[in-house]
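A quick write-up on the structure given underneath.
Residue numbers (our numbering): 35 to 390.
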């Protein structure tokens, strides 16, 4: 079954899942389930939760774009807290091809320096960790993170992009309000059924290109669940682009750039590509797209094929065809085999002065 376009627009950046969660049996305040993994791919093994140590267990997969986007944020937190009593674990789950995990970690290098483990599927097809942590907690999407406090109990569950250093500081210091966190999470979970209702309205409006209706529904969603504001920005950007709202597109692109998701250069390139999709994109939109593409190029040092392709498209939109062709040629030369054909087609279109 195809996913609605606006659900995809959000998930592409934040990994938001708006389906109803199954009945939860694992909640904030409960004792954390055991760590049962098949293999520690990176870092020293953690056999059990040690007293007086805080653990961040983050669920991810190599195929998950939003997971890739939040890795730099997690690694920054890891570097800040690794010597202060906090252990970070990247728990691979729902992986389609586990053989890709080790090469992925090697490719990430210093950008993903925390522990990484594969799920144990010896007795459970979906994986012990996927079932006893994710499924039990009603977490239907990745990336998702759990924090286990010094007493072995879960104190935080949520999207890792929303995990702040200040929160870890409070947990480590024993000053974190677990009761308030539990109440907030229960409110969030209770609102998911309402989210489905809103998404039905949004997708019906999308078919009719009723962008004002979509925006109004997003406002209702945010009013009912203020904690969703950051995660709804991806959809707001999509609406602004589809509507041709240049000011709105620049505004929401900037909001995403300033979020943890904006630390990933591939995401910046993707947003830049979306911006120039506005029909007859005005100067301010092209300038914002150019700034994002330039930032992505700087972060990758011109070595990432997809970022190069995005930069080429933006340069063409800015009227610099010759420079666009050069960037597109570099993208093809640096492309992995699976992406080469697509980028070659992109190059041919750019040579003809057309957006791919």
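Even glycine gets a Cβ: it sits at the ideal position worked out from N, Cα and C.
- Task: Just mark residue 156 as buried or exposed, buried being the case when its beta carbon has 16 or more other beta carbons within 10 Å.
- Result: The residue is exposed, with fewer than 16 neighbouring Cβ atoms inside 10 Å.
Which residue from 108, 281, 277 and 379 puts its Cα closest to that of residue 317? Taking the Cα of residue 317 as reference, the smallest distance to any Cα among 108, 281, 277 and 379 is reached at 281.
| query | Between the C-alpha atoms of residue 290 and residue 267, what's the straight-line distance to the nearest angstrom? | reply | As the crow flies, the alpha-carbon of residue 290 is around 7 Å from that of residue 267.
Just how far apart, CA to CA, sit residue 68 and residue 81?
About 9 Å.
DSSP has residue 188 in a bridge; who is on the other side? Paired residues: 182.
inquiry  = Per DSSP, what are the beta-bridge partners of residue 65 in this structure?
reply    = The partner list for residue 65 (beta bridge, DSSP) reads 187.
*asked:* Would residue 189 and residue 176 be called neighbours here (beta carbons separated by less than 8 Å)?
replied: Not in contact: residue 189 and residue 176 (Cβ atoms no closer than 8 Å).
Point to revise | Reduced DSSP category for residue 345 - H, G, I as helix; E, B as strand; rest coil | key: Of the three classes helix, strand and coil, the one that applies to residue 345 here is helix, per DSSP.
Self-check item: Neighbourhood of residue 103 by C-beta, 6 Å cutoff - its chain only, sequence neighbours within 5 removed
Solution: So the list reads 295, 298 and 301, once near-sequence residues are dropped.
message = Looking at chain C, is there any beta carbon in it that lies within less than 8 Å of the beta carbon of residue 373?
response = Absent from the structure is chain C; it holds one protein chain and no more.
Practice problem: Measure the Cβ-Cβ separation of residue 151 and residue 71 and say whether it is below 8 Å. | Solution: A distance below 8 Å separates the beta carbons of residue 151 and residue 71.
Item checked: Beta-carbon proximity list for residue 323, same chain, < 6 Å, skipping 5 on both sides -> If we look at residue 323 and ignore the five residues flanking it on each side, its Cβ neighbours are 306, 309, 310 and 348.
Check: When the Cα of residue 90 is compared with those of 336, 116, 100 and 162, which residue comes out closest?
Finding: Checked all of 336, 116, 100 and 162; the closest Cα to residue 90 is 116.
inquiry  = For a test of the three-state rule: what should DSSP assign to residue 55, helix, strand or coil?
reply    = At residue 55, the pLDDT of 46 sits below 50, so the modelled position is not reliable; the number obtained from the coordinates is stated separately. Note: residue 55 maps to coil in three-state DSSP.
**Asked** How big is the Cα-Cα spacing for residue 54 and residue 230?
**Response** Note that residue 54 scores 41 on pLDDT, short of 50, meaning its location in the model is unreliable and no value can be drawn from it.
Going by DSSP, what residue range makes up the alpha helix (DSSP H) through residue 88?
Residue 88: not part of any alpha helix (DSSP H); member of the beta strand (DSSP E) spanning 88-94, first to last residue.
Distance between residue 191 and residue 197 (C-alpha atoms, nearest Å): Straight-line Cα distance between these residues: approximately 9 Å.
**Beta-carbon proximity list for residue 139, same chain, < 8 Å, skipping 5 on both sides** = Closer than 8 Å at Cβ, skipping near neighbours: 75, 76, 146 and 150.
Review point. Is the CB-CB distance between residue 120 and residue 202 below 8 Å?
Key: In contact: residue 120 and residue 202 (Cβ atoms closer than 8 Å).
Sort 388, 373, 271 and 370 by Cα distance to residue 358 and report the nearest one.
-> Comparing alpha carbon positions, the residue from 388, 373, 271 and 370 closest to residue 358 is 388.
* **Nonlocal neighbours in the same chain, by C-beta distance under 8 Å from residue 386, ignoring five residues either side** => If we look at residue 386 and ignore the five residues flanking it on each side, it has no Cβ neighbours.
ask   = With a CB to CB cut of under 7 Å and the five nearest residues on each side skipped, what residues in its chain are close to residue 222?
value = Counting only Cβ-Cβ distances below 7 Å, and skipping sequence neighbours, we find 259 and 261.
Can you tell me whether DSSP reads residue 128 as helix, strand or coil?
-> Residue 128 sits in coil when the DSSP states are folded into three classes, being neither helix nor strand.
> Taking the C-alpha atoms as reference points, what is the distance between residue 378 and residue 112?
Replying inline: The straight-line gap from Cα to Cα measures roughly 39 Å.
Go through its chain and collect everything with a Cβ distance to residue 341's Cβ below 7 Å, but skip five positions before and after it.
Around residue 341, the same chain offers 299, 300, 303, 330, 331 and 334 as residues with beta carbons nearer than 7 Å, after the five sequence neighbours per side are excluded.
Which stretch, first to last residue, makes up the alpha helix (DSSP H) that contains residue 383?
Residues 371-385.
Which class does residue 211 belong to by DSSP, given the choice of helix, strand or coil?
In the structure shown, the three-state DSSP call for residue 211 is coil.
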